[in-house]
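Position one of the sequence shown corresponds to residue 140 (my numbering), numbered consecutively onward. Beta carbons are placed, not taken as given, at the ideal position from N, Cα and C, and that holds for glycine. Keep in mind the model is a prediction, meaning the values are calculated, not measured.
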Amino acid sequence: MNPMASRREFFGSSAALATAGFAALADPGTAAAQTVGVKSGDLPDLTVKEVKAYVTDIGSYKSLNGEVGEIVSITTNSGIEGLYTLGNRNKTPAQGWVDWAKATLVGKSVVDLLPSLASTSGLKGTYGFNGQIGDPKDTGRYTGAQTFGRRGGVGDESAFMTEALRGSGLVLRGGGAWPNWYRAAADVCLWDIMGKAVNRPIYQILHGGVGAQKTKLMAYASSTHHPSIEDYAPEALKAKSENFRAYKIHPGTGAHRKGADVPAYLGHIEEARQIRAAVGDEYILAHDPVMMYNRYEAMKVARVLDDLDFSWFEDPLRTDDQDGLIELCKYANLPIHVGEFIYSIADFADYIAKGALDVVRLIADNTGGISGSMRVGLLADAFGLECTPHNWGNPMDLAVHFHLELALPNASWFEVPYPPTLVDHPYMPARYRPDKDGYIHAPTAPGLGVEIDRAAFDRATKKILR
Numbered sequence: 140m141n142p143m144a145s146r147r148e149f150f151g152s153s154a155a156l157a158t159a160g161f162a163a164l165a166d167p168g169t170a171a172a173q174t175v176g177v178k179s180g181d182l183p184d185l186t187v188k189e190v191k192a193y194v195t196d197i198g199s200y201k202s203l204n205g206e207v208g209e210i211v212s213i214t215t216n217s218g219i220e221g222l223y224t225l226g227n228r229n230k231t232p233a234q235g236w237v238d239w240a241k242a243t244l245v246g247k248s249v250v251d252l253l254p255s256l257a258s259t260s261g262l263k264g265t266y267g268f269n270g271q272i273g274d275p276k277d278t279g280r281y282t283g284a285q286t287f288g289r290r291g292g293v294g295d296e297s298a299f300m301t302e303a304l305r306g307s308g309l310v311l312r313g314g315g316a317w318p319n320w321y322r323a324a325a326d327v328c329l330w331d332i333m334g335k336a337v338n339r340p341i342y343q344i345l346h347g348g349v350g351a352q353k354t355k356l357m358a359y360a361s362s363t364h365h366p367s368i369e370d371y372a373p374e375a376l377k378a379k380s381e382n383f384r385a386y387k388i389h390p391g392t393g394a395h396r397k398g399a400d401v402p403a404y405l406g407h408i409e410e411a412r413q414i415r416a417a418v419g420d421e422y423i424l425a426h427d428p429v430m431m432y433n434r435y436e437a438m439k440v441a442r443v444l445d446d447l448d449f450s451w452f453e454d455p456l457r458t459d460d461q462d463g464l465i466e467l468c469k470y471a472n473l474p475i476h477v478g479e480f481i482y483s484i485a486d487f488a489d490y491i492a493k494g495a496l497d498v499v500r501l502i503a504d505n506t507g508g509i510s511g512s513m514r515v516g517l518l519a520d521a522f523g524l525e526c527t528p529h530n531w532g533n534p535m536d537l538a539v540h541f542h543l544e545l546a547l548p549n550a551s552w553f554e555v556p557y558p559p560t561l562v563d564h565p566y567m568p569a570r571y572r573p574d575k576d577g578y579i580h581a582p583t584a585p586g587l588g589v590e591i592d593r594a595a596f597d598r599a600t601k602k603i604l605r
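The following block contains the structure:
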């Protein structure tokens with residue numbers, strides 16, 4: 140806390156920002172109009188005229204989120220187009236989204252759609268997921284959303300790496316997830332339109348012009364799941380040299396390049412020790428096994444992370460093991476980040492109230508796009524908790540969460556997949572690199588702020604679904 144600011148001023152500012160955020164969600168047309176000093180009635184005609192999807196060939200681009208080159212589009216009567224990408228959380232083809240959007244959105248105003256389209260209230264469901272992780276004895280390194288090794292992946296039984304383990308895949312709990320993905324993509328497009336309608340970035344509308352507006356966020360490097368213990372420390376040092384303010388480990392098999400296999404969590408402990416020794420005592424480190432551990436393993440790892448002064452421990456257990464998370468939050472000194480695999484604001488409230496997390500994580504695709512994510516972030520703020528949205532995928536995926544982080548009063552970090560070239564896209568020229576002080580600067584272009592290289596985009600477009 141700024142020593143020059145009183146406690147009342149500090150919390151008053153947070154409350155003001157939260158109030159502005161709720162106002163923007165309840166009446167986005169008025170909030171948008173106010174950013175440029177006009178009335179909502181002066182906005183262009185924001186009635187949805189057409190929805191479509193561009194199917195593009197992204198060639199050899201190594202997608203981090205399962206993207207296959209599908210960009211969904213919503214266009215208004217006034218010719219404003221909102222765009223968003225479909226990735227690994229939209230498993231159905233783009234034509235399914237187009238058919239749903241034609242029935243749900245066409246003929247309605249963006250101003251009327253946004254307050255209710257993706258509220259997340261009433262939706263239920265959490266899930267656990269583990270992808271497969273590469274083997275250090277194989278030749279390839281991690282290059283995409285998953286790698287595939289001789290030993291397969293880590294399942295839900297344990298983090299002990301043996302021939303018997305297998306990838307657990309998706310385990311759905313409850314219902315309500317599937318339409319949320321459709322609605323989330325539409326919600327982002329609608330906010331893109333709203334920002335373009337008033338020539339302002341989305342976060343400025345959500346922020347409401349109250350208090351000091353964030354214009355940059357601290358950047359941390361977020362590793363992929365590397366196949367061997369020896370891959371991490373040199374990479375952390377490289378990220379530090381490139382001005383990233385922190386480094387987050389996504390551990391792999393926990394195996395050495397040579398030698399006998401060991402239980403994965405023990406290998407992860409060795410990784411953590413090697414990285415801390417390499418980067419020094421003052422550098423910020425975090426650990427995210429993506430629900431790889433059982434309770435015993437998570438507690439053993441948490442004790443070591445505490446001793447090594449790691450700053451947080453993310454998704455240590457399966458999200459649906461709420462009792463285990465409650466126990467771990469009580470046991471560990473460092474904060475436990477949970478929420479990427481929670482879909483509804485009702486479930487977030489339950490986890491917060493029961494002490495099953497210390498910091499709220501979220502993925503906009505899972506929580507109703509920008510609108511639903513803002514509600515979740517402000518819920519966390521009401522309980523005095525930090526919110527750290529997940530940044531992973533192509534430039535559009537990162538941009539969505541960047542606007543949330545800039546608008547929310549309780550977010551301060553910007554996650555960058557490492558190396559950052561993994562995010563670079565054939566027809567989205569945005570590049571996410573920290574400045575010399577370790578910050579990523581806010582977008583200035585209107586709407587989502589992700590420019591499209593139209594010449595490259597047109598060359599890549601193979602068909603348009605209507």
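Assignment of beta-bridge partners to Val249 by DSSP yields no partner. Counting C-beta pairs with one atom in each stretch, the stretch 500-516 and the stretch 319-332 have three or more that are closer than 8 angstroms, which means they touch. Annotation note: the stretch 397-480 contains the following uninterrupted alpha helix (DSSP H) runs of length 4 or greater, listed N- to C-terminal: 403-418, 434-446, 461-470.
DSSP lists Glu189, Glu220 as the beta-bridge partner residues of Thr214. Annotation: the continuous beta strand (DSSP E) that includes Arg500 extends over 498-501. Rounded to the nearest whole angstrom, the C-alpha separation of Gly180 and Lys241 is 25 angstroms. The C-alpha of Cys468 lies about 23 angstroms from the C-alpha of Thr506.
In the three-state scheme derived from DSSP, where H, G and I count as helix and E and B as strand, Ala385 is classed as strand. DSSP places Ala170 inside the alpha helix (DSSP H), whose first and last residues are 167-173.
In this structure Pro565 does not touch Tyr193 by the C-beta definition: roughly 13 angstroms separates them, more than the 8 angstroms allowed. Annotation: the stretch 486-555 contains the following complete segments of the alpha helix (DSSP H) (minimum length 4 residues), in chain order: 508-521, 534-546.
Taking the Cα positions, His580 is about 25 angstroms away from Glu220. In this structure, Leu545 is the residue among Thr174, Ser450, Leu545 with its C-alpha nearest to the C-alpha of Leu356. Using a Cβ distance threshold of 8 angstroms, Pro340 and Thr527 do not count as a contacting pair.
A distance below 8 angstroms separates the beta carbons of Arg384 and Tyr359. Each residue's CA atom was taken as its position, placing Ser380 and Asp597 some 38 angstroms apart. Leu356: member of the beta strand (DSSP E) spanning 355-364, first to last residue. Contact between Pro474 and Asp520 is ruled out by a C-beta separation of about 15 angstroms, above the 8 angstroms threshold. Burial check for Arg500: the Cβ neighbour count within 10 Å reaches 16 or more, so the residue is buried.
A direct Cα-Cα distance of roughly 5 angstroms separates Val245 from Val187. Under the DSSP definition of a beta bridge, Glu209 partners with Val194, Leu225. Taking the C-beta atoms as reference points, Leu543 is found nearer than 8 angstroms to Gly516.
The residues Ile408, Ala411, Arg412, in chain order, have a CB closer than 8 angstroms to that of Val443 in the same chain once the five nearest residues on each side in sequence are set aside. At the C-beta level, Ile213 and Val237 stay beyond 8 angstroms of one another.
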